[in-house]
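Structure, as structure tokens:
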């Protein structure tokens, strides 16, 4: 694996009970043009700890598949904690026969529950589409210099408009004062 390879999705799973779900999900996501990392792709002789760390750092979404042994997996918990620390978008997917109360630290985020590998793939793809649609509605100005400039100009123009409006209100008040003073002067004459 290359040192700084970027992934759309990192799938974390416990190997005994979650590998088949992870492999099926990976295939479904790759058909949807997602670049997916699963630990099973690390070649023999590879530096698996650094490969996993690099993939975690360079992914956008972190999917954890929660099966019966997941909460006991030291590696899954480490990956989850690292993803949390890196502020990754976490999508926990819980096998429906596992109660939420048994998912411990994974229960902080809203979970997708699934009955089988097909439902898992469908629900994850639908959820990713929702997330992407929501993200597309927001324009991250820190990554778009033109948008940043446009918003700055708009903000500047709005504040100038407010100043002009305040001046108009203020000048209208002054005109009323001048008119009242003229009336008072006329009465005194």
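Residue numbers (our numbering): -11 to 177.
Glycine included, every Cβ here is placed at the ideal spot set by N, Cα and C.
Item checked: Residue from 28, 100 and 39 with nearest C-alpha to residue 52 -> 100
Check: How many angstroms separate the CA atom of residue 103 from the CA atom of residue 144?
Finding: 54 Å
Notebook entry, point to check: Once you ignore the five residues that flank residue 50 on each side, which residues in its own chain have a CB closer than 6 Å to its CB?
Noted result: -2, 71, 76 and 78
Notebook entry, point to check: Which one or two residues does DSSP pair with residue 22 in a beta bridge?
Noted result: None; residue 22 has no bridge partner.
Note to self: Given a cut-off of 8 Å on the beta-carbon distance, is the pair residue -5 and residue 43 in contact?
What the structure shows: yes
Note to self: Please list the terminal residues of the continuous alpha helix (DSSP H) segment that includes residue 64.
What the structure shows: 62 to 73
Item checked: residue 48, enclosing beta strand (DSSP E) - first and last residue -> 47 to 54
Item checked: Environment of residue 140 [buried if 16+ CB atoms lie within 10 Å] -> exposed
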